[in-house]
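Residue numbers (UniProt numbering): 1 to 618.
Backbone N, C-alpha and C fix where the C-beta goes; we use that ideal spot for every residue, glycine too.
Here is the structure we will look at.
Here it is, written out as structure tokens:
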């Protein structure tokens, strides 16, 4: 691994050399190179020296901030032309914050930024032959403006006395301000927009979305290959590919073939379909209440192909897809569609993995769990009896809500059901719980006998749960009168995770809320909460920690148009049986971390990593 610093300034390179030697222990001088050139020319030099090496390019926030949002993707395109389709871009970005926070950052008490900007102006004037003395510099006024329209901080120097530079025919009037520098800030949608325009995918993201973040951008074709690697890694941990831990889904083996067949058929619409292409072209989401009813899908074979046959099919199909991609005729949106589709299945496969873990645990196969002192039944119930479920206490005012894709999202890939934009209204104020319902809260419901109280449930929901003996959430086990909670990587006693959000179906969530005299929020209320608590300091984990159930049936927004590439993605499920979920879970890929994303599941489907919280109307 080699570290290369590129800069047009020799003095900056020398300073970097000194800092790296001093601050990075164990870094050998032979592992560092310094290239004196502009960025693109410097990359060209590197590629000529190391034509077979993969490049990982780190681009810091101060560099990105000095460009407009329109210029950034064009710059990255130029970089990718030189660096190649396998390079990785690590892009650090300063995020858009409140005007007060930004102002204090750029008008700091110690005057660091003011000194920097004034002396930047001083040096600029010196370059054209005018050398202002220190008194003149001190007389200049430093001003900071927060441009909310362009989402950037603008730094100005105002000349109280004006300035005449006759030699250059420059006249600055008394009191006139000069824009010396601006610093562009980003929101999540801005980042996705930049990536899409640069023909990239956001593969990973680190940091705090309300402060400072680092993204890994991958060129679209490389992003697809990386997605395949993640799928392969997931399947490496699955012992029995013929297992079907969720009856309402196909066995694991199907999904390994499906994501690849889907990519092939969407990326090349006119290709001849093989028998396996057709078999793997679409999965199933049958009616939970009557599984014999299902949307259109290929005939389900009496016997699935062997694991070896499917692996070979995927290997050959991936080669075929890469050859098609190499022709350069596929647009970024197609890459985005097939990658997000595969990322969704990576998450839903983890739902199946959890059910496998649960089955193994209940069959007493050894799974490492954290040792605990086994609680006696009396102690368990006394702890639950003393617990009080928190009531909704955060007031949210009534008001308009904008749903759907906003103009700044248009160049970012979104699914058809995410738009178009329209304004709706939350007509009444309400109270919302500060946090989702916890495992401990839900145990109170179970201990109360909530699964057996018919009046708390809708008729169909109660019948389904009663007939199947569902008396606790699907990710739980009851062993020796103790509850254990499963996730994809571990199994823990409930006391270890008692404050974490409980994952349940909408049917269970609504029964709990009725028990508390509350209800589940609507999709519009979800967005109203986000608008009212922009920093997320009051209503916690709205976007994270599990999908957030809403009581809104999954239907199109006014003016909806199905995407021609995949019309059935949404239209087959505008059926009154599916409901909208918002946010994301820990298993959701970063590419789908956007407020407009609408997940949807049937209300009785128990396997989603989905939380809820109580709402109370005034």
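Item	Value
7 Å Cβ shell around residue 396 - same chain, five flanking residues per side excluded	429, 430, 432, 528, 529, 532
Cβ shell of residue 198 (< 6 Å), same chain only, five flanking positions each side left out	73, 76, 77
Any 3 or more C-beta pairs closer than 8 Å across the region 293-301 and the region 313-325	no
Host alpha helix (DSSP H) of residue 205 (start-end)	No alpha helix (DSSP H) holds residue 205; the beta strand (DSSP E) holding it covers 200-208.
Nearest residue (CA-CA) to residue 214, options 435, 523, 7, 92	92
Helix, strand or coil at residue 193 [DSSP, three-state]	helix
Spatial distance of residue 556 from residue 420 (CA atoms)	9 Å
Short Cβ contact (9 Å threshold) for residue 550 with residue 520	yes
Beta-carbon separation (whole angstroms), residue 226 vs residue 234, contact threshold 8 Å	Not confirmed; about 13 Å, so no contact.
Best match in 334, 459, 341, 1 for proximity to residue 256 [C-alpha to C-alpha]	341
Reference residue 465, options 450, 479, 477, closest by Cα	450
For residue 378, the three-state DSSP class (helix, strand or coil)	Low confidence applies here, because residue 378 scores a pLDDT of 41, under 50, leaving its location unreliable and the question unanswered by this model.
CA-to-CA distance, residue 434 to residue 492, given in whole angstroms	25 Å
Delimiting residues of the beta strand (DSSP E) encompassing residue 182	176-184
Selected residue, minimal CA-CA separation from residue 182, among 313, 399, 102, 472	102
DSSP state of residue 149 mapped onto helix, strand, coil	coil
Inter-residue spacing [alpha-carbon to alpha-carbon] between residue 394 and residue 537	11 Å
Coarse secondary structure for residue 492, derived from DSSP in three states	strand
Beta bridge counterpart(s) of residue 159 as assigned by DSSP	176
Residue 82 and residue 24 closer than 9 Å at C-beta	no
Contact the region 330-338 vs the region 457-473: 3+ CB pairs below 8 Å	no
Cβ neighbour criterion (16 or more within 10 Å) applied to residue 478	exposed
Neighbourhood of residue 32 by C-beta, 8 Å cutoff - its chain only, sequence neighbours within 5 removed	2, 3, 4, 5, 17, 20
Simplified DSSP state of residue 407, which is helix, strand or coil	Legend: pLDDT at residue 407 = 47, less than 50; position of this residue unreliable, no value from coordinates given.
Nearest-angstrom Cβ-Cβ length linking residue 145 and residue 134, presumed shorter than 8 Å	Rounded, the Cβ-Cβ distance is 26 Å, inconsistent with contact.
Option nearest residue 34 by Cα separation, candidates 26, 44, 7, 177	7
Contacts around residue 472, its chain only, beta-carbon distance under 8 Å, and the 5 residues preceding and following it disregarded	446, 451, 478, 483
Boundaries of the beta strand (DSSP E) in which residue 88 is found, first to last residue	88-94
Alpha-carbon to alpha-carbon, residue 290 and residue 244	18 Å
Distance between beta carbons of residue 210 and residue 95, contact taken as under 8 Å	6 Å
Opening and closing residue of the beta strand (DSSP E) in which residue 560 lies	Careful: residue 560 lies outside any beta strand (DSSP E) and carries neither H nor E.
Opening and closing residue of the beta strand (DSSP E) in which residue 279 lies	Segment 275-279 is the alpha helix (DSSP H) holding residue 279; no beta strand (DSSP E) there.
Of the listed residues 610, 603, 583, nearest to residue 597 (C-alpha basis)	583
Distance between residue 357 and residue 239 (C-alpha atoms, nearest Å)	11 Å
Limits of the beta strand (DSSP E) - the one that residue 626 falls within	Since the first residue of the chain shown is 1 and the last is 618, residue 626 is not available in this structure.
Extent of the continuous beta strand (DSSP E) run through residue 616	615-617
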